[in-house]
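In the numbering used here, the protein residues as written are 1032 to 1285.
Following this line, the structure appears as structure tokens:
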């Protein structure tokens, strides 16, 4: 049954109050109110409750976008039938985000394609919903960001911004050797965030292999020791998830 149009004055008033987003749902809400014989105060609460929920959802989406989180990489999108193994009890604990409250790190290790980035971003989305500050970068994006900050003399300010985050996600770490500047930046970042902020880091390599990829042996030893002794280790093993997404004629809809 088509809904009656709203009075023009009501539309104008709602828009003036910056409540124009209510217009698409208001006719249905008013219909329900009439059918149930709701008190006007209850109707107002119902309508404004819709708007509060919409604004909260939009705020979370905006914060996730600014955090550079992939909107598709959330726990609801995780495929439980994926042929991978990991410590489910540990992952359940990490989803409580107590590790962020206690300023611990998370190390997600495993071969290519098993879902490390997926889990990292999913934890990031949970943190955004809690109201924490989050930023997701690949390791190369992080180092490029810090190198660029040296060119315009904002390096110290950029480091302060990275240190101040509640949760920093670093994806695809240790895929290549780091130079002196990158090693020093990473050491300073990890040291400054020690017991003050959390890092979720994904890697294909065991931390023992990081030592040979960092330019300064002394900084490397201190960095690895400081990070690993404050991190939960999540080892993911199994078949690459991307194989299941490979296009195939047999998967096309008929």
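Beta carbons: idealized from backbone N, C-alpha and C, even for Gly. Since the structure is predicted, the reported quantities are computational estimates derived from the model, not experimental observations.
Item                                                                                                                 : Value
Sequence-distant residues of the same chain with beta carbon closer than 6 Å to residue 1247, five excluded per side : 1214
Alpha carbon of residue 1116 to alpha carbon of residue 1144, nearest angstrom                                       : 13 Å
CB-CB length for residue 1082 against residue 1048, believed under 8 Å                                               : So it is not a contact: roughly 10 Å between Cβ atoms.
Range covered by the beta strand (DSSP E) that runs through residue 1099                                             : No beta strand (DSSP E) holds residue 1099; DSSP gives it neither H nor E.
From 1191, 1228, 1267 and 1237, residue whose alpha carbon lies closest to that of residue 1216                      : 1191
DSSP-derived helix/strand/coil call for residue 1205                                                                 : coil
Simplified DSSP assignment, three categories, for residue 1264                                                       : strand
Closest residue to residue 1222 among 1162, 1257 and 1173 (Cα-Cα distance)                                           : 1257
Residue(s) in a DSSP beta bridge with residue 1230                                                                   : 1199
Simplified DSSP state of residue 1115, which is helix, strand or coil                                                : strand
Cβ neighbours of residue 1033 in the same chain (closer than 8 Å, five flanking residues each side left out)         : The pLDDT assigned to residue 1033 is 47, lower than 50, so where the model puts this residue is not dependable, and the model offers no usable value.
Per DSSP, the bridge partner or partners of residue 1366                                                             : Because the chain spans 1032 through 1285 in this model, residue 1366 falls outside it and cannot be assessed.
Counted within 10 angstroms of its Cβ, other Cβ atoms place residue 1249 as buried (16 or more) or exposed           : exposed
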